[in-house]
Amino acid sequence: MSEAVAKPEVLQARVAAYKAILQEVLDARPSGMRQRLAEVLGKNRSFISQISNPAYAVPIPVQHVERIVEVCHFSPREKERFLTAYRKAHPRRLQILKDELQRTHTITLPDLGSDARNGQLDAIVTAFAEQVARLLRDT
Numbered sequence: 000m001s002e003a004v005a006k007p008e009v010l011q012a013r014v015a016a017y018k019a020i021l022q023e024v025l026d027a028r029p030s031g032m033r034q035r036l037a038e039v040l041g042k043n044r045s046f047i048s049q050i051s052n053p054a055y056a057v058p059i060p061v062q063h064v065e066r067i068v069e070v071c072h073f074s075p076r077e078k079e080r081f082l083t084a085y086r087k088a089h090p091r092r093l094q095i096l097k098d099e100l101q102r103t104h105t106i107t108l109p110d111l112g113s114d115a116r117n118g119q120l121d122a123i124v125t126a127f128a129e130q131v132a133r134l135l136r137d138t
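Numbering that gives the first Met the number 0 puts the sequence shown at residues 0 to 138.
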């Protein structure tokens, strides 16, 4: 059953499945991981609570999946379980992300004196680069 034709309750159960895996991973990490994840994604901590709680219907946006796996240091087994469950809930979303060719470019940024401020700067620069790339790709 595809994402487009899945019954709402089936889709919600599939979303809850991958969110439960994320919740397990976050619970196994040191305190502060949710805050760090929020900073890296440029979101509020409440957003992290919504995307990591199976009780909420809010799906994880595909553009955040790779960063979440990276920042939360998923083990290979955790990553495989999470991505398998994510693909089951959203069969086409990860393919869209993989279809976009990506490359890494490293820049040097100033140290702003705290992990929180450095995380904010990193999120701003990343978001800016993604938006500019999207603009250039679409024109």
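Glycine included, every Cβ here is placed at the ideal spot set by N, Cα and C.
Asked: Helix, strand or coil: which one does DSSP assign to G150?; Found: Beyond the ends of the chain as shown, which are 0 and 138, falls residue 150; an answer cannot be given.
Asked: Could you check the C-alpha separation between N117 and A126 for me, to the nearest Å?; Found: 14 Å
Asked: In three-state terms, what does DSSP make of Y55?; Found: coil
Asked: Are V39 and E77 closer than 9 Å when you measure CB to CB?; Found: no
Asked: Can you name, in chain order, every residue of its own chain whose Cβ lies under 8 Å from the Cβ of L21, other than the five neighbours on each side?; Found: I50, S51, I59, I67, C71, F81
Asked: For A56 versus V124, is the C-beta spacing smaller than 9 Å?; Found: no
Asked: What distance in whole Å lies between the Cβ atoms of A88 and L10, which are believed to be in contact at a cut-off of 8 Å?; Found: 7 Å
Asked: Using the rule of at least 16 other Cβ atoms within 10 Å of the residue's Cβ for burial, across every protein chain shown, is V131 buried or exposed?; Found: exposed
Asked: Determine the burial state of A54: buried for a count of at least 16 other Cβ atoms within 10 Å of its Cβ, exposed for fewer.; Found: exposed
Asked: If I measure Cβ to Cβ from L93 and keep anything under 8 Å in the same chain, skipping five residues before and after, which residues do I get?; Found: V61, V64, L82, Y85, R86
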